[in-house]
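First up is the structure itself, then whatever we jot down about it.
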Amino acid sequence: MRKGLLFSPFGGSVTFLAKGGFPERFLNLCNVRGIALFSPQMRQKELTATVRRGDYARLRDVAKRSGMSLRATEKHGLPFFLRRRRERLALPVCALVLALLAVFLSGFVWSVDTAGCENVSREEVLSVMEALGLRPGVRRKRIDTAALGQAAMQQLSGRVSWLGVNLGGSRAEIEVHDYIDPGEDDTFGDPANIIADFDGLLLSLQAHSGKAAARVGSGVRKGDLLISGVVVDRFGVSHFYEARGAATALHSDSLTCESPGRIEYPAYRKVQTVPAVRVLHLTIPLGLFSLSRDFDRFTSVRQAQLGGVPLPLWLVKQTRCYRTTRAGEDGFDLLLDDFSRAFRQRYAATNVLSSALQLTHKDGLYTLTARSRCIDFIGTKQEIRTE
Amino acid sequence: MQNFRKTVEMAAAMVTDTELLLPHVELHADRRAVVDGCRGIVAYDETCAKLNCGAILLVLHGDGLCMEQLSGTHISVSGTLVSLELSSL
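Protein chains in written order, with the working numbering: chain A, 7 to 393; chain B, 27 to 115.
Following this line, the structure appears as structure tokens:
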């Protein structure tokens, strides 16, 4: 039988060494008097055993009667621990408080993490779960993992195939299995033509399904038929298909950006940062802010970790930027930034051959226009309506 | 009739008590022997444990013998048991 099961750490136990005399008589007397001995071992006429703290005093009489000398070799348990530290009671009291705190905090979720997110961003999954009630600081008992998973799957339907919440201690892990697209359907859909979606000069045309209806090198206008979904066979019977293919065309395009001549933005006269500590939902600031009310607030939060294990403690850095009179700046730089960003976005998949830029400044407004000659894919589907 | 029933019940109770007074020995391979009904220890060291079990003297021979538990009439001896000897006291 294991000693640990019999000896409560709160009661304490004493391991002793008995020498000389009659060990067998000693064992029998202990047995008769109801003194429980654990792991009595005899080695070279020396008996070693363990008794409860309260029984050790009763052993003296037994040892005297059996002619043995008794000596305590080890003392274990809370009473001996406290006695050794009776002059430093703060240590055991702190240990007790910490133990109670750990027990209390273990009833809460300390951290929420995700695994397997690809189609859906981690932040989006966390925000959905937070809206459903799963966030750091929530009591574990209130979390219904099955219901949470179902509700989250409904909100993210079409993008995740399965979502589950696993609670491991004080850590919640959201396991996400992304929705896998079965691939483009090779079967033909509804009958459709491909028509031009802008004016231009047709440079290439490949009909994968249907019949080419325009000639390469000719000009096309918006709405002109490029690939027809109606094919007439040699018997004069019309067959309807979903037209498929690729066409490119040379065309002119313009892009215009405007910006006011002067941009006003807020300026800050003072920036003050005050750290704070957040325990579950309670935020404790470690400093004071100014009394001024005209400020912008920025907050950064970082969870404390110990050896890679997240703790229920967040380090918060609150920054207040106190506003002052507004300052101004010429809007031309902003116009250039906006224009270059818009140009890159618009012509990301286009071969731009040449561009002509024109800048005007009228009524306090900057206008930048780019006229470009570019080669682009042309064509959009138009459904064929049959009666 | 009632006297006869009472006599039979008393006889049955006596038989049960007698059986209970006999030692009960349980062996776990050659690793442990659990003895119920032990009245005392006659000799005990690392290689031999002699147990007084009423009408029977139970002798356990082995190596590294250790009494794991000793409470009332219950004794558990562990170690490498080699032989078990029963003799009348």
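Note that beta-carbon positions come from the ideal geometry of N, C-alpha and C, so glycine has one too.
Residue i versus residue j: straight-line alpha-carbon distance, rounded
i, j, result
"residue 34 (chain B)", "residue 48 (chain B)", "22 Å"
"residue 64 (chain B)", "residue 88 (chain A)", "39 Å"
"residue 8 (chain A)", "residue 81 (chain A)", "Residue placement at residue 8 (chain A) is poorly supported in this model, since its pLDDT is 43, which falls under 50; the coordinates still yield a value, given next. About 17 Å."
"residue 116 (chain A)", "residue 137 (chain A)", "17 Å"
"residue 373 (chain A)", "residue 314 (chain A)", "54 Å"
"residue 210 (chain A)", "residue 227 (chain A)", "15 Å"
"residue 306 (chain A)", "residue 278 (chain A)", "14 Å"
"residue 20 (chain A)", "residue 79 (chain B)", "29 Å"
"residue 121 (chain A)", "residue 183 (chain A)", "9 Å"
"residue 326 (chain A)", "residue 379 (chain A)", "50 Å"
"residue 62 (chain B)", "residue 34 (chain A)", "15 Å"
"residue 10 (chain A)", "residue 22 (chain A)", "Note that residue 10 (chain A) scores 47 on pLDDT, short of 50, meaning its location in the model is unreliable; the coordinates nonetheless yield the value given after this. Rounded to the nearest angstrom, the two C-alpha atoms are 17 Å apart."
"residue 159 (chain A)", "residue 174 (chain A)", "21 Å"
"residue 304 (chain A)", "residue 320 (chain A)", "16 Å"
"residue 394 (chain A)", "residue 152 (chain A)", "This structure gives no information on residue 394 (chain A), because the portion of chain A shown stretches from 7 to 393."
"residue 248 (chain A)", "residue 262 (chain A)", "37 Å"
"residue 118 (chain A)", "residue 103 (chain A)", "26 Å"
"residue 203 (chain A)", "residue 355 (chain A)", "16 Å"
"residue 99 (chain A)", "residue 283 (chain A)", "24 Å"
"residue 357 (chain A)", "residue 382 (chain A)", "7 Å"
"residue 3 (chain A)", "residue 230 (chain A)", "Nothing in the structure corresponds to residue 3 (chain A), since chain A is present only between 7 and 393."
"residue 361 (chain A)", "residue 368 (chain A)", "23 Å"
"residue 264 (chain A)", "residue 330 (chain A)", "28 Å"
Backbone secondary structure at residue i - three-state DSSP
i, result
"residue 302 (chain A)", "strand"
"residue 123 (chain A)", "coil"
"residue 51 (chain A)", "coil"
"residue 62 (chain A)", "helix"
"residue 339 (chain A)", "helix"
"residue 36 (chain B)", "helix"
"residue 397 (chain A)", "Because residue 397 (chain A) is not part of the residues shown, which for chain A are 7 to 393, the question remains open."
"residue 151 (chain A)", "helix"
"residue 249 (chain A)", "coil"
"residue 22 (chain A)", "strand"
"residue 115 (chain B)", "coil"
"residue 62 (chain B)", "strand"
"residue 112 (chain A)", "coil"
"residue 345 (chain A)", "helix"
"residue 280 (chain A)", "strand"
"residue 103 (chain B)", "strand"
"residue 69 (chain B)", "strand"
"residue 11 (chain A)", "Residue placement at residue 11 (chain A) is poorly supported in this model, since its pLDDT is 45, which falls under 50; the coordinates still yield a value, given next. Helix."
"residue 270 (chain A)", "strand"
"residue 93 (chain A)", "coil"
"residue 383 (chain A)", "strand"
"residue 76 (chain B)", "strand"
"residue 243 (chain A)", "coil"
"residue 318 (chain A)", "strand"
"residue 259 (chain A)", "strand"
Reference residue i, options the options, closest by Cα
i, options, result
"residue 250 (chain A)", "A:170, A:47, A:218 and A:82", "A:218"
"residue 208 (chain A)", "A:254, A:247, A:163 and A:215", "A:254"
"residue 297 (chain A)", "A:165, A:77, A:236 and A:328", "A:328"
"residue 90 (chain B)", "B:82, B:107, B:78 and B:77", "B:107"
"residue 52 (chain B)", "B:84, B:73 and B:69", "B:84"
"residue 78 (chain A)", "A:93, A:71 and A:61", "A:61"
"residue 101 (chain B)", "B:54, B:59 and B:115", "B:59"
"residue 128 (chain A)", "A:165, A:151, A:95 and A:97", "A:165"
"residue 223 (chain A)", "A:46, A:98, A:63 and A:206", "A:206"
"residue 116 (chain B)", "B:115, B:36 and B:69", "Missing from the structure shown is residue 116 (chain B); chain B here goes from 27 to 115 and no further."
"residue 221 (chain A)", "A:371, A:232 and A:215", "A:232"
"residue 349 (chain A)", "A:295, A:260, A:323 and A:268", "A:260"
"residue 141 (chain A)", "A:178, A:157 and A:284", "A:178"
"residue 237 (chain A)", "A:252, A:258, A:30 and A:214", "A:214"
"residue 84 (chain A)", "A:59, A:45 and A:180", "A:59"
"residue 74 (chain B)", "A:57, A:68, A:69 and A:30", "A:30"
"residue 371 (chain A)", "A:324, A:268 and A:353", "A:268"
Near the ligand MN: residue i beta-carbon under 7 Å from a heavy atom
i, result
"residue 204 (chain A)", "Annotation note on the ligand MN: not contained in the displayed structure, which lists no ligands."
Integer-rounded CB distance, given that residue j should sit under 8 Å from residue i
i, j, result
"residue 75 (chain A)", "residue 26 (chain A)", "6 Å"
"residue 154 (chain A)", "residue 171 (chain A)", "5 Å"
"residue 57 (chain B)", "residue 104 (chain B)", "6 Å"
"residue 123 (chain A)", "residue 134 (chain A)", "About 11 Å; that fails the 8 Å criterion."
"residue 386 (chain A)", "residue 200 (chain A)", "7 Å"
"residue 82 (chain B)", "residue 112 (chain B)", "6 Å"
"residue 198 (chain A)", "residue 389 (chain A)", "5 Å"
- [ ] Output, in sequence order along the chain, the residues in the region 48-77 of chain B whose CB is closer than 8 Å to any CB in chain A.
- [x] 66, 67, 68, 69, 70, 71 and 72
Open item on the list: Using a Cβ-Cβ cutoff of 7 Å, what residues of the region 55-77 of chain A are near chain B? List them in chain order.
Closed with: none
Open item on the list: Please identify, using Cβ separations under 8 Å, the residues of the region 24-38 of chain A that lie next to chain B, in order along the chain.
Closed with: 29, 30, 33, 34, 36 and 37
Open item on the list: Please identify, using Cβ separations under 7 Å, the residues of the region 42-54 of chain A that lie next to chain B, in order along the chain.
Closed with: 42, 43, 44, 45, 46, 47, 48 and 49
Task: Cβ-based contacts, 7 Å cut-off: residues of the region 75-96 of chain B near chain A - done: 92, 93, 94, 95 and 96
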